[in-house]
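Written below as structure tokens is the structure these notes are about.
Protein chains: 2
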Amino acid sequence: MARLSDIIEEFIKTLLKESEGELELQRNDLASYFDCAPSQINYVLATRFTLNHGYYIESRRGGGGYIRIVRLDTDKDDYLFYLLKEGIGKELSEQEAVKHLQRMVEQGFISKRDAYIINSAISDKAIAIPSTLKDGIRARIFKSILAALLSLDEKK
Amino acid sequence: MARLSDIIEEFIKTLLKESEGELELQRNDLASYFDCAPSQINYVLATRFTLNHGYYIESRRGGGGYIRIVRLDTDKDDYLFYLLKEGIGKELSEQEAVKHLQRMVEQGFISKRDAYIINSAISDKAIAIPSTLKDGIRARIFKSILAALLSLDEKK
DNA sequence: TTTATTGACTTTCTTTGACCTTAATTATAT
DNA sequence: ATATAATTAAGGTCAAAGAAAGTCAATAAA
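For the protein sequence lines, the chains are B and H, in the order given.
FYI, the numbering used here numbers position 34 of the first sequence as 104, with every residue one higher than the one before it.
FYI, the numbering used here numbers position 30 of the second sequence as 100, with every residue one higher than the one before it.
The structure is reproduced here in structure tokens:
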């Protein structure tokens, strides 16, 4: 089953597109629209609309409260440069990497194809085997990339 | 009689045929369908649906989790598929990799851009092997890819 | 000896709810 | 009319429960 969180994510992104990247909503409205706990909205925002994802959020409590979501549009080179220099430290988990890739695709910095290739190169499955044998690691990564290319072909 | 694992293998392959090589399933469903331990599904996947066998698998945990199985295009029997199944063994030096990439470009299987990206992911510099810490390795690979994207921009 | 099977334990991701904080509005006392 | 108190209307936090899949090692079967 598609997760509710994914559906809400898509919903918000659609709203954002319709409103040119800026949007104000009412947490309780959204929650009752999807018939879920209000805090699930926070969960969606916290896991899919962070700064790293390229969104900025501000909110206000009390009467007339709201949540405002803004999609940040960045310059491609600036963003890549930032990621390279500061955004990524000495370690990077697969989940984090995937988030970066998603953002890069959403902002049109790389094609889905590129993202797919890159993802295949850095996936846990590809890297696995901590045998410290460089060539062995590379062989796996390379095979994984070949698989990605093959399955891309299949997709069209 | 045939072992359960073989039966499950056949079952999955039948499903794949019916769904044109792409399939999403629920591990627990399958396990309870065959009345076996869920981990047996993993065993079947690990022993019969590997990259070398020509399958690509991705999965997700948590609520709404799934396992996705993609059959890579066996009929094609082209260069990429050959490379994946037989052409590359357990190890692969950088020079060999580069030769493969060159050939793939020459034969029109991938663009120069693709080759450039891939090369950046598998270069000695990218893999570097400091410790056995996976995430550390991935971070390097990912940075390397970013650098590649940046320098692609510069070139055009 | 290799290949299968099982199950206990782990990790990841999602959903829910109880409780907290803040802001605006309304009622009350001066 | 004004200051203060109470009420209501938001949103925030966090931890527990639930829903998957993953790992690994012990055993069993071939």
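Positions of the beta carbon are idealized from the N, C-alpha and C atoms, including for glycine.
Quick caveat, the model's predicted, so the values are computed rather than measured.
Pairwise C-alpha distance: residue j and residue i
{"i": "GLU88 (chain B)", "j": "GLU166 (chain H)", "result": "49 Å"}
{"i": "PHE81 (chain B)", "j": "GLY91 (chain H)", "result": "30 Å"}
{"i": "SER109 (chain H)", "j": "ILE158 (chain B)", "result": "35 Å"}
{"i": "ARG247 (chain B)", "j": "LEU153 (chain B)", "result": "Residue 247 (chain B) lies beyond the range of chain B shown here (71 to 226); nothing can be said about it."}
{"i": "LEU115 (chain B)", "j": "TYR136 (chain B)", "result": "14 Å"}
{"i": "HIS170 (chain H)", "j": "GLU164 (chain H)", "result": "10 Å"}
{"i": "SER102 (chain B)", "j": "ARG173 (chain B)", "result": "28 Å"}
{"i": "LYS245 (chain H)", "j": "SER75 (chain B)", "result": "Given a span of 71 to 226 for chain H in the structure shown, any question on residue 245 (chain H) remains unanswerable."}
{"i": "PHE151 (chain H)", "j": "TYR149 (chain B)", "result": "36 Å"}
{"i": "PHE119 (chain H)", "j": "GLU128 (chain H)", "result": "11 Å"}
{"i": "ALA107 (chain H)", "j": "GLY124 (chain H)", "result": "25 Å"}
{"i": "ALA185 (chain B)", "j": "ASN98 (chain H)", "result": "30 Å"}
{"i": "ARG183 (chain H)", "j": "GLN177 (chain H)", "result": "14 Å"}
{"i": "LYS225 (chain B)", "j": "ASN112 (chain H)", "result": "Here LYS225 (chain B) scores only 48 on pLDDT, less than 50, and its place in the model is too uncertain to base an answer on."}
{"i": "VAL168 (chain H)", "j": "GLN96 (chain B)", "result": "54 Å"}
{"i": "ILE192 (chain H)", "j": "ILE192 (chain B)", "result": "10 Å"}
{"i": "GLU156 (chain B)", "j": "ASP147 (chain B)", "result": "14 Å"}
{"i": "ASP145 (chain B)", "j": "THR117 (chain H)", "result": "45 Å"}
{"i": "ASP143 (chain B)", "j": "GLU161 (chain B)", "result": "26 Å"}
{"i": "VAL23 (chain B)", "j": "VAL175 (chain H)", "result": "Here chain B has residues from 71 to 226 only, and residue 23 (chain B) is not among them."}
Classification of residue i by the beta-carbon crowding that lies within 10 angstroms, buried from 16 upward
{"i": "TYR126 (chain B)", "result": "exposed"}
{"i": "ASP194 (chain B)", "result": "exposed"}
{"i": "SER190 (chain H)", "result": "buried"}
{"i": "LEU121 (chain H)", "result": "buried"}
{"i": "PHE212 (chain B)", "result": "buried"}
{"i": "LEU203 (chain B)", "result": "The predicted model places LEU203 (chain B) with a pLDDT of 49, which falls under 50 and marks its position as unreliable; any figure quoted below should be read in that light. By the neighbour-count rule (16 or more Cβ atoms within 10 Å), LEU203 (chain B) is not buried but exposed."}
Enclosing alpha helix (DSSP H) for residue i [first to last residue]
{"i": "GLU80 (chain B)", "result": "74–88"}
{"i": "ILE244 (chain H)", "result": "The question about residue 244 (chain H) has no answer, for chain H in this structure spans 71 to 226."}
{"i": "HIS170 (chain H)", "result": "164–176"}
{"i": "SER190 (chain H)", "result": "182–192"}
{"i": "LEU150 (chain H)", "result": "149–152"}
Beta-ladder partner(s) of residue i, from DSSP
{"i": "SER129 (chain B)", "result": "B:ILE137"}
{"i": "GLU95 (chain B)", "result": "The sequence given here places Leu at residue 95 (chain B); Glu does not occur at that position. DSSP lists B:ILE137 as partners of LEU95 (chain B)."}
Integer-rounded CB distance, given that residue j should sit under 8 Å from residue i
{"i": "ARG131 (chain H)", "j": "ILE197 (chain B)", "result": "Not really, about 19 Å apart at Cβ, beyond 8 Å."}
{"i": "LEU86 (chain B)", "j": "LEU93 (chain B)", "result": "5 Å"}
{"i": "ILE78 (chain B)", "j": "PHE104 (chain B)", "result": "6 Å"}
{"i": "GLU72 (chain B)", "j": "GLY133 (chain H)", "result": "Per the sequence shown, the amino acid found at residue 72 (chain B) is Ala instead of Glu. Wrong, their Cβ atoms sit about 11 Å apart, outside the cutoff."}
{"i": "ILE180 (chain B)", "j": "ILE188 (chain H)", "result": "With 8 Å as the limit, ILE180 (chain B) and ILE188 (chain H) do not qualify as a contact, their Cβ atoms being about 14 Å apart."}
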